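A.B. asks:
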Amino acid sequence: MHSAARRLCAAAAIFLGAVSAAAAADFPSQQPIKMITAFGPGSASDIVARMIAERLQTRLGQVVIVENRPGASGQVATDLVARSQPDGYTIMLATNTTHSSNPFLYKSLRYDPVKDFTPLAQVCNFPFVLVVSDKLGVSSVQDLLKYGKANPDKVNYAYGNSTGQISAASFDKLTSMRAAAIPYKSTPQAMTDIIGGRSTFMFVDLASAAGQIKAGSLKALAVTTEKRSALAPDLPSVSEALGQPGFDLAAWVGIFGPANMPAPVSKRLADELYAVVSSEEVKQKLTQMGAEPTPAPAEKLGPFVAQQLKVWGEKVKQAGIQPE
């Protein structure tokens, strides 16, 4: 009996392996590919996802659909992808929020950013900018500090994602402003209240804020990178404006699949994605929207995530943010 059972199990394993190999060889002809993003339509992540999906679709000859699954600071989308079938038909445009910051901001995260994912390609960085409403009458970081000192009971900061939260909390601690933290479900909602004067300041990615800055409804005061950004050369860095080195924060974007993807499938996706994100056309479009292209293949994305977990863990600690 035991021998027969073992033979049956072995035969089943061989059959399933053959089915898996056949499916991998057939990839991606079976169904559309879903690219999940953790943020809503019109967000910087959404724009990048659609840019990549359109070109990936052309290269693969298969429909690639962008699916927005916002919620819980990216946890909804990330957990969904982590628990998806590792067949290549569900991938994710992830960010430092989902794969570097959340592990230090939430006590009971349901996914592991390293163990539960297959790295596919690194895409770009997003410098963040410190912005205020044009109605506030503030034109520089020093002006904002003076405003905060004169209005200690009014000053607050808004945020719609973890990078904005960590940047603002770090700034608040560094300057001793003691501003109240106001969380929002999304970055656009937070920007709306900044423009309307209901919140004092926020840190937002340049890509999301560029239109409002150009229109004049938002005033940009500084960038979060250690040095001035080539994307906004007229803006000082926060470190420069404060005369204190060490303030250096930027969001990053990468593409992942679930863990345990068949090697032929992950390689096909990784190769095609890297071809897309390293193309001159995509790099130019990323720059135009306020991002810094950082294309890198799958084998470099894994070590990068491990390094960024250390970086953002330290940033959260320095900012004094307690996990929820």
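With mature numbering (1 follows the signal peptide of the UniProt record, and there is no 0) applied, the sequence shown corresponds to residues -24 to -1, 1 to 300, in that order.
Positions of the beta carbon are idealized from the N, C-alpha and C atoms, including for glycine.
Please read all numbers here as calculations on a predicted model, not as lab measurements.
Name the DSSP beta bridge partners of Trp228, please?
C.D. replies: Within the sequence shown, the letter at position 252 stands for residue 228. In DSSP, Trp228 forms a bridge with Asn101.
A.B. asks: In terms of alpha-carbon separation, which member of Ser77, Leu218 and Ser5 lies closest to Asp49?
C.D. replies: As a working note, residue 49 is residue 73 in the sequence shown. Residue identity check: residue 49 is Ser in the sequence provided, not Asp. Checked all of Ser77, Leu218 and Ser5; the closest Cα to Ser49 is Ser77.
A.B. asks: By the three-class DSSP mapping on this structure, what secondary structure does Leu207 have?
C.D. replies: Sequence index remark: in the sequence shown, residue 207 carries index 231 (1-based). DSSP places Leu207 in the coil class of the three-state scheme, outside both helix and strand.
A.B. asks: Which residues in the same chain as residue 319 place their Cβ atom closer than 7 Å to its Cβ, once the five residues preceding and following it in sequence are excluded?
C.D. replies: Residue 319 is absent from the model: the chain starts at -24 and stops at 300.
A.B. asks: When DSSP builds the beta bridges, which residues end up paired with Asn132?
C.D. replies: Locating residue 132 in the sequence shown gives position 156, counting from the first residue. Beta-bridge pairing links Asn132 to Ala156.
A.B. asks: Which whole-angstrom value describes the C-beta separation of Ser162 and Gly289, a residue pair presumed to lie in contact below a C-beta threshold of 8 Å?
C.D. replies: Position 186 of the sequence shown, counted from the start, is the residue given in the question as residue 162. Position 313 of the sequence shown, counted from the start, is the residue given in the question as residue 289. Going by Cβ atoms, the distance from Ser162 to Gly289 rounds to 25 Å, so no, they are not a contact pair.
A.B. asks: Let me confirm a value: Ile41 is counted as buried when at least 16 other C-beta atoms fall within 10 Å, else exposed. Which label applies?
C.D. replies: Taking the first residue of the sequence shown as position 1, residue 41 is located at position 65. Around the beta carbon of Ile41, fewer than 16 other beta carbons lie within 10 angstroms, which makes this residue exposed.
A.B. asks: Could you check whether Ala235 and Pro62 sit closer than 8 Å to each other, using their CB atoms as the reference points?
C.D. replies: Looking up residue 62 in the sequence shown gives position 86. Looking up residue 235 in the sequence shown gives position 259. Yes; because the gap between Cβ atoms is below 8 Å, this pair is in contact.
A.B. asks: Sort out for me which residues DSSP pairs Ala272 with in a bridge.
C.D. replies: Taking the first residue of the sequence shown as position 1, residue 272 is located at position 296. Answer by DSSP bridge pairing, in chain order: Gln98.
A.B. asks: Where does Pro299 fall in DSSP's three states?
C.D. replies: Residue mapping note: residue 299 aligns to position 323 of the sequence shown, counting from 1. Of the three classes helix, strand and coil, the one that applies to Pro299 here is coil, per DSSP.
A.B. asks: Look up Gly47 in the DSSP assignment and say whether it is helix, strand or coil.
C.D. replies: As a working mapping, residue 47 is identified with position 71 in the sequence shown. Coil, per DSSP.
A.B. asks: Since Lys190 is in the beta strand (DSSP E), which residue starts that stretch and which ends it?
C.D. replies: Sequence index remark: in the sequence shown, residue 190 carries index 214 (1-based). Premise fails: Lys190 lies in the alpha helix (DSSP H), Leu182 to Ala191, not in any beta strand (DSSP E).
A.B. asks: Using the C-alpha atoms, what's the distance from Arg45 back to Gly37?
C.D. replies: For the purposes of this step, residue 37 is taken as the residue at position 61 of the sequence shown. For the purposes of this step, residue 45 is taken as the residue at position 69 of the sequence shown. Taking the straight line joining both Cα atoms gives about 25 Å.
A.B. asks: Would you call the stretch 278 to 294 in contact with the stretch 202 to 209, where contact means no fewer than 3 C-beta pairs closer than 8 Å?
C.D. replies: no
A.B. asks: Determine the direct distance from the alpha carbon of Gly172 to that of Gly219, and round the result to whole angstroms.
C.D. replies: Position 243 of the sequence shown, counting from 1, holds the residue named residue 219. Position 196 of the sequence shown, counting from 1, holds the residue named residue 172. About 30 Å.
A.B. asks: Helix, strand or coil, according to DSSP, for Thr263 in the structure here?
C.D. replies: Here the question's residue 263 lines up with position 287 in the sequence shown. Helix.
A.B. asks: Got a sec, what are the start and stop residues for the alpha helix (DSSP H) Met27 sits in?
C.D. replies: Sequence index remark: in the sequence shown, residue 27 carries index 51 (1-based). Segment Ala20 to Leu36, the alpha helix (DSSP H) holding Met27.
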